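Residue numbers (the numbering used here): 80 to 480.
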């Protein structure tokens, strides 16, 4: 058997034990105590693997604590810095770990966060241990970063991720592979938009003409935003929440909308956002004013030459191990987008195979753990040896063209 597969197999029992411990901790976004408890576990395992560990508390833009970013480092004998990126937070509320505890059935593990992203994060640590066991230290430095806020757009971790991405030659992201085994080679950009509309209240029966109906403006704006779908290929605009008014006999003086914008390409992302700004600036009801807030804008990750090269190298390593490697683009964004924006060549989906993320049925294929850990370790070793061109974000390509 290939030494990488053998060494990964030697780590399987420890992987199972760690996964059970980590899934047993409630660590939903903003559950700071649970997130720090999860980070404590990972820190213990990283220290045992010979990694130096640092923790940095992060907050959201309003100053509310989000938990700690954990950064673990291991020096090698080479020159290239390779970043492994995963996250500790889940989408599940407190009490989920007890209500739906970790279990194994028919070769699959189940539990909150088992695939997204606790299983992937632990695969990254296992790959570090495999390389150490085989004395494969051709990298300059391996850096494992574990964030506490990815599921809410990494509002606190962004500055650190951009710094780490700028310092890294390559970022290998530990979200689990798609349920068919695909790696992830591109992701849509996302912007979470909040529209606040303010009108003027009036009696709906006696003098409605004195009012300015914010609800009506929001409804018409919803239609206008929906009509942006299809204007640019791959751009989607979805109004997911509309709140307005309070009583049927009062002209609504306020409304609030939450909107999701996604796009494959930077130019289309920026064009759609500009058009949304234009629509919001001119509400379709006289007397109504509107404001737009853009939360956690995350640009598209378009792979570029470095990303394409990484998929080729992953396929080469997979062929040597007998592990089929394919890849796809996905409409969901992740920390991979931010790392690519910072200039690292990026490949994602390098955790084991999993599926049904964000649902009570989330699962991880335990038979995929050994081959996927071996694939990740082999890819790190190959990238350390041959190198990959750093990523040039699209806006920089246009500037230098």
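Just so it is clear, CB atoms sit at the ideal spot from N, CA and C, and this is done for glycine as well. Since the structure is predicted, the reported quantities are computational estimates derived from the model, not experimental observations.
Rounded C-alpha distance that separates residue i from residue j
i: residue 166; j: residue 366; result: 45 Å
i: residue 180; j: residue 288; result: 58 Å
i: residue 244; j: residue 305; result: 35 Å
i: residue 480; j: residue 379; result: Below a pLDDT of 50, predicted positions are generally treated as unreliable, and residue 480, at 44, falls in that range; the measurement from the model is reported next regardless. Cα to Cα, residue 480 sits roughly 19 Å from residue 379.
i: residue 258; j: residue 403; result: 14 Å
i: residue 129; j: residue 153; result: 7 Å
i: residue 31; j: residue 265; result: This structure cannot speak to residue 31, because the chain is shown only from 80 to 480.
i: residue 163; j: residue 282; result: 60 Å
Burial state of residue i, where buried means 16 or more other Cβ atoms lie within 10 Å
i: residue 357; result: exposed
i: residue 96; result: exposed
i: residue 314; result: buried
i: residue 477; result: For residue 477, the predicted structure reports a pLDDT of 47, less than 50, and the residue's modelled location is therefore unreliable. A value from the coordinates is still provided. When all chains shown are included, residue 477 counts as exposed.
i: residue 416; result: buried
i: residue 355; result: buried
i: residue 269; result: buried
i: residue 285; result: exposed
Nearest candidate by alpha-carbon position, reference residue i, set the options
i: residue 369; options: 327, 387, 299; result: 299
i: residue 89; options: 252, 135, 210, 164; result: 210
i: residue 291; options: 128, 334, 189; result: 334
i: residue 98; options: 183, 126, 138, 349; result: 183
i: residue 85; options: 466, 457, 471, 470; result: 457
i: residue 482; options: 125, 213, 225; result: It is not possible to answer for residue 482, since the shown part of the chain is limited to 80 through 480.
i: residue 363; options: 342, 428, 296, 316; result: 296
i: residue 223; options: 186, 240, 105; result: 240
i: residue 388; options: 251, 198, 316, 434; result: 251
i: residue 322; options: 274, 343, 161; result: 274
i: residue 341; options: 330, 332, 272, 124; result: 272
i: residue 425; options: 160, 234, 111; result: 160
i: residue 398; options: 453, 409, 109; result: 453
i: residue 176; options: 191, 228, 310, 201; result: 191
i: residue 151; options: 134, 140, 143; result: 134
Residues near residue i in its chain [Cβ-Cβ closer than 6 Å; skip 5 each side]
i: residue 468; result: 384, 385
i: residue 193; result: 102, 441, 443
i: residue 93; result: none
i: residue 104; result: 113, 116, 117
i: residue 472; result: 420
i: residue 375; result: 232, 234, 271
Nearest-angstrom Cβ-Cβ length linking residue i and residue j, presumed shorter than 8 Å
i: residue 204; j: residue 400; result: The Cβ separation is near 19 Å, so there is no contact.
i: residue 427; j: residue 262; result: 7 Å
Chain-order list of residues whose beta-carbon lies under 7 Å from that of residue i (same chain, five-residue window excluded)
i: residue 217; result: 155, 156, 157, 460, 463, 464
i: residue 470; result: 383, 385, 386, 419, 422, 423, 424, 425
i: residue 168; result: 106, 107, 108, 114, 227, 228, 229, 230
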